[in-house]
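Protein chains: 4
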Amino acid sequence: MTIKTESVSLEDARRVVAAGEAKADEIGSPSNIAVVDVGGNLVAHIRMDEAWIGSVDISINKAFTSRAFDITTADLAANAGPGEQFFGINASNNGRVMIFAGGVPLRHGGRIVGAVGVSGGSGEQDQTVAEAAATAF
Amino acid sequence: MTIKTESVSLEDARRVVAAGEAKADEIGSPSNIAVVDVGGNLVAHIRMDEAWIGSVDISINKAFTSRAFDITTADLAANAGPGEQFFGINASNNGRVMIFAGGVPLRHGGRIVGAVGVSGGSGEQDQTVAEAAATAF
Amino acid sequence: MTIKTESVSLEDARRVVAAGEAKADEIGSPSNIAVVDVGGNLVAHIRMDEAWIGSVDISINKAFTSRAFDITTADLAANAGPGEQFFGINASNNGRVMIFAGGVPLRHGGRIVGAVGVSGGSGEQDQTVAEAAATAF
Amino acid sequence: MTIKTESVSLEDARRVVAAGEAKADEIGSPSNIAVVDVGGNLVAHIRMDEAWIGSVDISINKAFTSRAFDITTADLAANAGPGEQFFGINASNNGRVMIFAGGVPLRHGGRIVGAVGVSGGSGEQDQTVAEAAATAF
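In order, the protein sequences belong to chains A, B, C and D. Everything in the first sequence is counted per the working numbering, starting at 4 for the first residue and increasing by one. Everything in the second sequence is counted per the working numbering, starting at 4 for the first residue and increasing by one. Everything in the third sequence is counted per the working numbering, starting at 4 for the first residue and increasing by one. Everything in the fourth sequence is counted per the working numbering, starting at 4 for the first residue and increasing by one.
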């Protein structure tokens, strides 16, 4: 009766991180990059040289958020502003819900089995890096 | 001189959860459903298969919020936006106050004696499931 | 390259909870009973009538702890006292690590795929209820 | 008059992590391995396949603790038991202080410029992995 699922291995996570790192280098946006598994738990994290120390937490929690709600944090952001249906969601989960761009789900076999989170640049830069990272999964 | 009160039994909570679950199945919105008692303390929680893991906390805290202020979280939301009288209330109570739809009080004999909280779909879906759940009380 | 794993369904969790509840009734120890999945995230929780409200959190976190370290919380306790190798572990994970009896892993196919946590009575009572619950998995 | 300092680069951190990972493989102790810089901030983290999810936080905080107090967490442990001079220190820093083996400072030019934290096995295993990791610095 148990549920069969898949998750992200360390090897997977490293491939995702490496792809994000390459893109971050390419666009000149030193980043924190984090990968979580199907349970939302951290598998790997890097902080590139010169990347913000405040972004350690953000990258990990963007990844968490993206898996926790099976959505990009950019899409969640669109629903979390004043007057929107999820306004205030960022107070939940002990402040771990990030509502700005940079978190992207990792999909395998039609299911979301983890997520990547990026923080270090503008929202657009973080999203670009995260998408490049996710593509490598 | 003590206060006589009523509260939600586990049997009540299960009936409420079951009604919510049936509605969630009907509308295709896998949900977390939580019930709290007159003290705002959890009586029962379920996470339906496929429901978001980030919604565990939200469902419990929507129920808490609804009993804590004797209001639906949808109605609280209307008072918690920028410029409204309770703007910022979600920073109180250690982040447990949820200001979006899905929390509904449970009433008995003209009094609020608990609440149900639902999280897993859109605000509209969560509200629909929560109202169906509360009706079973 | 992804990892194949299994987890606890809501149906599984309810069977586990029901078995725990029956044992708790039998030994007269009103309990909180919680089940988490392979990721340590809550699947179901009940608080039996008359069970302690302070035990809501404890039951959920005993289940979390048992899966987080793939161990019974009773066995962890033996390693977490003064002078032992894990003394102080309960300060980690934001206070979610419970180091007393009542958390038991759920195993399937030789792997730990979730856990059950019980709180409401003495350590011995909680352990008895948790073991009965886990056996039903 | 500013202070000149050195810190751990991502390249350094990866070398440290890789050495720890090799030792963890050798002794059969799947581990979380984390490296922090001179500011105590995370530079890199990995969770090896099968390593405990509860050890993510512990590995990061063992590294933090080791740099925060410029000491191995094993040595801190000896001072943090009942009756010792730092008993209770693990309640400080929002629960980030780990007082059991597995955190080791990283030294360069006679100074401590970061630390590594390992969690996943017994205290002895974690210490062995952390020392191997630190040696690669």
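Glycine residues also receive a C-beta, built at the ideal position from the N, C-alpha and C atoms.
Listed in chain order, the alpha helix (DSSP H) elements of length 4 or more contained wholly in the region 54–105 of chain B are 58–71, 76–82. Assignment of Gly23(D) by DSSP, reduced to helix, strand and coil, places it in the helix class. Contact annotation: in the region 37–70 of chain D, residues whose CB is within less than 7 Å of a CB in chain A are Gly42, Asn44, Leu45, Val46, Ala47, His48, Ile49, Arg50, Met51, Asp52, Ile56, Val59. Here Met4(B) is exposed, its C-beta having fewer than 16 other C-beta atoms within 10 Å. Secondary structure note for Ala118(A): its beta strand (DSSP E) is the uninterrupted segment 114–122. The beta carbons of Ala139(D) and Gly120(D) sit no closer together than 8 Å.
In terms of Cα proximity to Glu53(B), the closest of Gly123(B), Ala136(B), Ala137(B) is Gly123(B). Rounded to whole angstroms, the separation of the alpha carbons of Ile102(C) and Asn82(A) is 40 Å. Here Leu109(B) is near Ala137(B), since their CB atoms are less than 8 Å apart. Taking a beta-carbon distance threshold of 8 Å, Ile74(C) does not count as an interface residue toward chain A. Contacts between Phe103(A) and chain B, judged by CB atoms closer than 9 Å, are missing: the closest CB pair is about 16 Å apart. Under the DSSP assignment, Thr8(D) falls outside any beta strand (DSSP E); it carries neither an H nor an E label. Only residues of its own chain outside the window of five on either side were considered, and among them Ile102, Phe103, Ala104 have a CB closer than 8 Å to the CB of Ala80(C), listed in chain order. With respect to Ile63(B), Ala37(B) sits close: the two C-beta atoms are nearer than 8 Å. Of all residues in the region 73–99 of chain A, only Asp73, Pro85, Gly86, Gln88, Phe89, Phe90, Gly91, Ile92, Ala94, Ser95, Asn96, Asn97, Gly98 place a beta-carbon less than 8 Å from a beta-carbon of chain B. Between Pro33(D) and Ala27(D), the CB-CB gap stays under 8 Å.
With a 10 Å radius around the Cβ and a threshold of 16 neighbouring Cβ atoms, Glu127(A) comes out exposed. For Ile115(A), no chain B residue has a Cβ inside 7 Å of its Cβ, as the nearest lies near 10 Å away.
Per DSSP, reduced to three states, the secondary structure at Val41(C) is coil, with no helix or strand assignment. By the neighbour-count definition (other C-beta atoms within 10 Å, threshold 16), Gly91(B) is an exposed residue. Of the residues Ile49(D), Thr75(D), Val41(D), the one whose Cα lies closest to the Cα of Arg17(D) is Ile49(D). By the criterion of a C-beta distance shorter than 8 Å, Leu13(B) is surrounded in its chain by Val46, Ala47, once the five residues flanking it on both sides are discounted. Taking the Cα of Thr8(A) as reference, the smallest distance to any Cα among Asn35(A), Asp40(A), Gly23(A), Gly31(A) is reached at Asp40(A). Proximity of Thr8(C) to chain A, defined by a Cβ-Cβ separation below 8 Å, is satisfied.
Spatial neighbours of Gln88(B) in its own chain (CB-CB distance under 8 Å, excluding positions within 5 residues in sequence) are listed in chain order as Asn82.
The C-beta of Ser12(C) comes closer than 8 Å to at least one C-beta of chain B. The Cβ neighbour count for Ala66(A), taken over all protein chains shown within 10 Å, is at least 16; the residue is labelled buried.
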